[in-house]
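Below is one structure, written out as structure tokens; the observations come after it.
Protein chains in written order, with this note's numbering: chain A, 52 to 143; chain B, 846 to 1059.
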């Protein structure tokens, strides 16, 4: 009983910590967009290739956040939810 | 998270994602057939939309790969149309976007991966392709192999995570406030993010094939 409650609580805390990755990626991608905007203001004729490169770089650096999201989804849906159902059954 | 089986055809299980993939395939075939029945030299109406899509992908592929990329245009255009339609399908109530199932996105990423390697073997020969794994030094062989595998992983997980994450968020808002509030969220997560993620997936597919060729 207590063990199940501890596991569920640990999964919740771990999911919250893993989502820090999302915030850090947000900072990085905003920085990239700002730099791209500066480059576009300096050279408006290069707009197309700057935008393509920016989107590509942001998509690749987003992988970290996506991995964190996958880990969180796995933790919540494959570990916490079945345990939560068992917990509610035990409570009656 | 688990794949939902809708029905069986002669002991072949048909999952929800596969069912909606078939619907999207039929829809795309029908629309393409109806829109290309009588093409005119001076475009009118929906022919504009069609020409923008085809010319956009053509420019993207030819800018990245040069003239040798011409044979990849139909593949990239098919991936772009399918992924975009699949992402937007989530707007329809009761429908599920097939790209929020990991099987679909892994299949698409594996397709791009195999096409890239097959094109490299075809254009450069088997020996040059095999030697590519041992560059710049043979000691880096494991890192090169892991890099290739993680390319497929990140390519598929990016689309899957974005679409599934948006779907879960909209689902939570549905539970809290079922009226009016989910509509702008649906527009944002399914239509706008769907279009952006389709563009990113297409762009990355082009780049992953292109780095195999050069």
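Cβ coordinates follow ideal geometry from the N, Cα and C atoms, glycine included.
Backbone CA spacing between residue 129(A) and residue 1020(B) [nearest angstrom]: 21 Å
Cβ-Cβ distance between residue 127(A) and residue 1002(B) below 8 Å: no
Nearest-angstrom Cβ-Cβ length linking residue 141(A) and residue 52(A), presumed shorter than 8 Å: 6 Å
Pick from 1042(B), 964(B), 956(B) and 1053(B) that is closest to residue 933(B), judged by C-alpha positions: Of all alpha-carbon atoms in 1042(B), 964(B), 956(B) and 1053(B), the one lying nearest the alpha-carbon of residue 933(B) is that of 1042(B).
Given 8 Å, three or more beta-carbon pairs between the segment 951-961 of chain B and the segment 986-997 of chain B: yes
Same chain only: Cβ atoms within 7 Å of residue 91(A), ignoring 5 sequence neighbours per side: 98 and 101
Whether residue 918(B) touches residue 906(B) by CB criterion (8 Å): yes
Residue from 103(A), 79(A) and 89(A) whose Cα sits closest to the Cα of residue 115(A): 79(A)
Within chain B, partners of residue 121(A) - CB distance below 7 Å: 1002 and 1006
Selection from 1051(B), 1044(B) and 1040(B) that minimises the alpha carbon distance to residue 936(B): 1040(B)
8 Å Cβ cutoff, residue 78(A) in contact with chain B: no
Beta strand (DSSP E) segment containing residue 850(B), residue limits: 850-854
Chain-order list of residues whose beta-carbon lies under 8 Å from that of residue 885(B) (same chain, five-residue window excluded): 892
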